[in-house]
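The opening residue of the sequence shown carries number 1 in this note's numbering; numbering runs sequentially from there.
Here is the structure we will look at.
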Amino acid sequence: MPNNTFVVTYNDYNPQQEMLREALCTLGNGYFATRGAHESSKAGDAHYPGTYLAGGYNRLESNIDGHIIENEDLVNWPNWLYLTFKIGDDDWFSIEHVEILEYHQDLDMQHGTLNCEFRFKDNKNRETKIESIRLVSMASPHLAAIQWILTPVNWSGEITVHSAIDGNVTNSGVARYRALNGNHLLPLRSGLSSEETVYLEVCTRQSNIHMTQAIKTMAYHQNIPLPVQRKTIQESGYIAQELSFTCEEDHPVIIEKITSIYTSKDVAISEPTLEACLNVLRVDYFSTILQSHHVAWKALWERFDIQIKNEETNQRILHLHIFHILQTASPHTFDLDVGIPPRGLHGEAYRGHILWDELFVFPFLNLRNPLLSRELLLYRYRRLEQARIAAENAGYRGAMFPWQSGSNGREESQRIHLNPISKRWVPDHTCLQRHVNAAIVYSIWQYFQTTDDKEFLYYFGAEIIFEIAKFWASIARFNPERDRFEIHGVIGPDEYHTSYPNAPEPGINNNAYTNIMAAWVLMRALDVIHTLDASRKEDLFSKLHIDSEEIDRWNQISRKIYVPFNDGIIEQFDGYNHLKELDWKKYREKYGEIMRLDRILESENDSVNNYKAGKQADVLMLFYLFSAEEFTETMQQLGYDFDTSLIPTNIQYYSDRSSHGSTLSHLVSSWVLARSQREQSWNIYEKALIVDVSDIQGCTTPEGIHLGAMAGTVDMIQRCYTGLEVKDDELRFNPHLPVKLSEIRQRLRYRSHWIDVTITHDTISISFEKGWGNTVKVRIRDTVYTFSEATTQTIRI
């Protein structure tokens, strides 16, 4: 039996909550994932089955208000789940159309299965009990399976089981996207590959990705195959097998559906249909897949689990968040050439694009499976040429990565978006969030600091850092009146402020976060120059056309970029102080929830650009990414004598002016308060924990989980409250646990060592597993200790 903190339970069937549960109960393995919709359901008001392939994108054109726009989506692939039955010639079973007598559903995160047990009565008062187990194999990434145990409670008779692959699906899981063309799939062929196996092959209309799904459906009684009559149903984009056999009252029958999925993107295959059909035939029983799947998840939890002594609910949600990280980015993600979608592989929000949310995910992966971080960072490297083209087209040097990236790294941000309140299509300028380039460098630098992977830095990371440094050096302009460099026409992390009030052009000037991060990137680029050996440096300088004049410019900007201040407050951007204050009380009384204040104001023919009102952390992101020490050092290099005592003042100022319209907002607020106001930090942290399980944004989680927020809450425990950082080749701990958090246990991967760490309010215990890594320096507050393999030490703090 799984530990209770590894189980999410629902004790009723609730059509109004099913889409939320489907997102939270998604099963995946890093290669593909399938939402937790009931097997008998189809897309409608209550359910939305969806299967998503990592990197499985397609582009389509749509006509919106007379304008032709092209969008790239993470495709919803054929629904392999569909499984139903009928008694005699009666209606096919649908969970939506029967009387539910008992219902119990468990997401078993420890073993990676979705289990459901329910009893229902049909319109003839016949009662049936179904116990289902579903998995997406973490051991064999191309396999998934369902097992039903069907028991006729008070009837006997002939039943027919209908087991299908439904390729007539579209991308329609996000209401505000439904005006866009979502018909991505073109059916190619279907058929039988054996008596028990059928297959369906489809391809995407533009990207020409071929996918074949093959299913094998069997029926058993007491593990003995039942004699069944089989019938194959073939329609355009749809294939099914129907198995007819006799059931007896109170005699359970087992129905097993094994699925294999291959695509033309896969390596080491001949072609998808052949591989899918052969793979599914190799599996004899559901139990075979289940056993290896359990073993794979056991190995993952041994490395990735974080245990806390606190309320059981918080531990359960923490496990849920880790579970969904691992289902999106797993060892099977290697060699797929994919990034980290901010909504996971769980739905269609953000159309599956890659944004900056990876910034919040990498710290967890860096300290658990650094090779996985490396592979995910290579997604950016492989799109470096596209970023160079984007920079050149915009009139800049170097490389300018997009705010939203998909298949090939071009800008995929919407140009217009639908305001669901006003029903108007309005311009979308969020592509001007150039700070994503700083986030990429930050992730590379954090990876390098944690792993000391010089080969990655030499052959991949340095080139990205230098090209982004060139971009920042070319977008920065010198203002002789201020004797400082400035950056104009951008949008900060806040996202609300896309222009000045009534300005004809989008963008704001000197966003403090963007400017400081740009300077920080240039500082790191200069550090990398000193890290590279002479031959590699010569190769890169020649390839990237970097000369002494370029380096001098990096040095100048890294010391003289402009940061706006106003009475000790870091001003979010030039002119922020001149905006109007918002009457927060008025809008909360009128609308209640005002997370999407921008949409509310637009519907009133007003604009959030007129007000000191933010969607999420902007200036505060600086205190999230940097310790007070590192932030002060950065500001000092820029020539600003920033007093760290002003940090709480800045936190309060911007917290009072935030609508918390992003799932990341509470997370960042909790982090930046962790040192000065630990108990307040913990209270906000508990709000951040329930962002998805309670869908606090209102109907956004059904469109896909918020992976950045999930990973951030895990990292709060991993790094923030433990004071964990890597600096100067030391693994550092400076724990400050909130009162309600009495213990943290975790296992870290650092410099080829597995390290078990247990932290309480009084002690820190560190144990190095026997291995082959070099000696490691561990700093606990102000004292440095030396650890090597098979070393254990407990220290009072």
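Every residue gets a Cβ at the ideal spot worked out from N, C-alpha and C, and that includes glycine.
- If you draw a straight line from the Cα of LYS537 to the Cα of ARG374, it comes to about 21 Å.
- Sequence-distant Cβ neighbours of ALA296 in its own chain, meaning closer than 6 Å and more than five residues away, are MET138 and ALA139.
- As summarised for the stretch 385-465, the continuous alpha helix (DSSP H) elements at least 4 residues long and confined to that stretch are 436-451, given in chain order.
- Counting only runs of 4+ residues, the alpha helix (DSSP H) found wholly inside the stretch 13-88 occupies 18-24, in chain order.
- Going by beta carbons, ILE487 and ALA476 fall inside the 8 Å limit.
- The beta carbons of LYS86 and ILE159 sit closer together than 8 Å.
- Setting aside the 5 residues that flank it on each side, ALA175 is surrounded in the same chain by PRO420, each with a C-beta closer than 8 Å to its C-beta; the list follows chain order.
- Taken atom to atom, the span from the alpha-carbon of GLY66 to that of ASP428 is near 17 Å.
- Shortest Cα-Cα distance from ASN734 to any of ARG749, ARG747 and GLN718 involves GLN718.
- With contacts defined by Cβ atoms closer than 8 Å, THR498 and ASN366 do not form a contacting pair.
- Between the beta-carbon of HIS38 and that of LEU135 there is about 16 Å, and that puts the pair past the 8 Å contact cut.
- Secondary structure of HIS104 (DSSP, three-state): strand.
- Across the set GLN556, LEU114, CYS699 and TRP77, the C-alpha of LEU114 shows the shortest separation from the C-alpha of PHE323.
- When DSSP states are grouped into helix, strand and coil, TRP92 belongs to the coil group.
- Put simply, the backbone Cα of ALA628 is about 47 Å away from that of SER207.
- Residue burial annotation: LEU101 is exposed, with fewer than 16 other C-beta atoms found within 10 angstroms of its C-beta.
- The residue from GLN616, SER330, GLU725 and GLN677 with its alpha-carbon nearest to that of SER665 is GLN616.
- Between the alpha carbons of VAL283 and LYS42 lies a distance of about 27 Å.
- Sixteen is the threshold: since fewer than 16 other Cβ atoms of the shown chains lie within 10 Å of the Cβ of LYS727, the residue is exposed.
- By the criterion of at least three beta-carbon pairs nearer than 8 Å, the stretch 513-532 is in contact with the stretch 551-568.
- With a contact defined as Cβ atoms closer than 8 Å, LEU107 and VAL8 qualify at about 4 Å.
- With a threshold of 16 other beta carbon atoms within 10 Å, ARG368 meets it and is buried.
- Taking C-beta separations shorter than 8 Å and ignoring five residues to either side along the sequence, the partners of ILE551 in its chain run LEU526 and ILE529, following chain order.
- CA-to-CA, the gap between PHE118 and MET218 works out to about 21 Å.
- Taking ASN58 as reference, the option from THR26, HIS210, MET109 and SER542 with the minimal CA-CA separation is HIS210.
- One alpha carbon belongs to LEU532, the other to GLY352, and they sit about 36 Å apart.
- Scanning the stretch 551-599 for uninterrupted alpha helix (DSSP H) segments of 4 residues or longer gives 584-591, listed from N- to C-terminal end.
- Per the Cβ contact rule, the stretch 250-270 is not in contact with the stretch 182-194 (fewer than 3 Cβ pairs under 8 Å).
- The three-state secondary structure of THR791, taken from DSSP, is coil.
- For THR792, the CB contacts under 8 Å within the same chain, skipping 5 residues up- and downstream, are SER765, ILE766, SER767 and PHE768 in chain order.
- Under DSSP, VAL267 shares a beta bridge with no residue.
- Within the same chain, THR151, PRO152 and HIS221 come within 8 Å of HIS251 by CB-CB distance, once the 5 residues on both sides are set aside.
- Rounded to whole angstroms, VAL693 and MET621 show a C-alpha spacing of 24 Å.
- Under the Cβ criterion (8 Å, minimum of three pairs), the stretch 82-99 counts as touching the stretch 121-132.
- Within its own chain, the residues whose Cβ lies closer than 7 Å to the Cβ of ARG657, once the five positions on either side in sequence are excluded, are LYS612, ALA613 and GLY614, listed in chain order.
- Non-local beta-carbon contacts of SER670 in its own chain, meaning distances under 7 Å to residues more than five positions away in sequence, involve SER681, ILE684, TYR685, ALA688 and MET716 in chain order.
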